[in-house]
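Below is one structure, written out as structure tokens; comments come after it.
In the numbering used here, the protein residues as written are 1 to 183.
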């Protein structure tokens, strides 16, 4: 799986685990490709690593599972600065890795020489700073569109509500004016 990356001669590898079904397989493949490398793992808080045959030199925990906070990235930069990593491998549960901005940011915080991601179909992608920036922009644009949608929905609701309040007395007045007198 990683045989095309042997020339990296990675001696210190960080595996960032978000995908549980890929974890053991990726660790074994990394061990085959880089047998003398020190293997560390970054997991969410309270994760139990019970996979058989997986030996890790160090396990790091994220400060807040699932939540993306820029201040956590600063904390992780300090935590992951020693030892320095040659390679970071990010595991995704999805095909394109969308929604994993925090995991990507942690990979960047480790400052490895190269970052690889493995998606749910076991394909390897080389990540660059541009990939991270694209995902940040994508997430920001999604958030802005969501906020714009919410604001427009509220404005339309207010207009409809005010229109009903103004229209009801006018309809009643119109009925009174157009009533045919009896008799």
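Built from N, CA and C at the ideal position, the CB exists for glycine as well.
query: Between the CA atoms of residue 32 and residue 87 - distance to the nearest angstrom; result: 15 Å
query: Rounded straight-line distance, which links the Cα of residue 171 to that of residue 161; result: 15 Å
query: Range covered by the alpha helix (DSSP H) that runs through residue 107; result: 101-109
query: Residue interval of the beta strand (DSSP E) (run including residue 56); result: Careful: residue 56 lies outside any beta strand (DSSP E) and carries neither H nor E.
query: Euclidean distance between Cα positions of residue 80 and residue 147; result: 35 Å
query: Beta-carbon proximity check, residue 210 vs residue 73, cutoff 8 Å; result: The question about residue 210 has no answer, for the chain in this structure spans 1 to 183.
query: Chain C within 8 Å of residue 137, Cβ atoms only; result: As a matter of chain content, chain C is missing from the structure shown, which is built from one protein chain.
query: Three-state secondary structure assigned by DSSP to residue 88; result: strand
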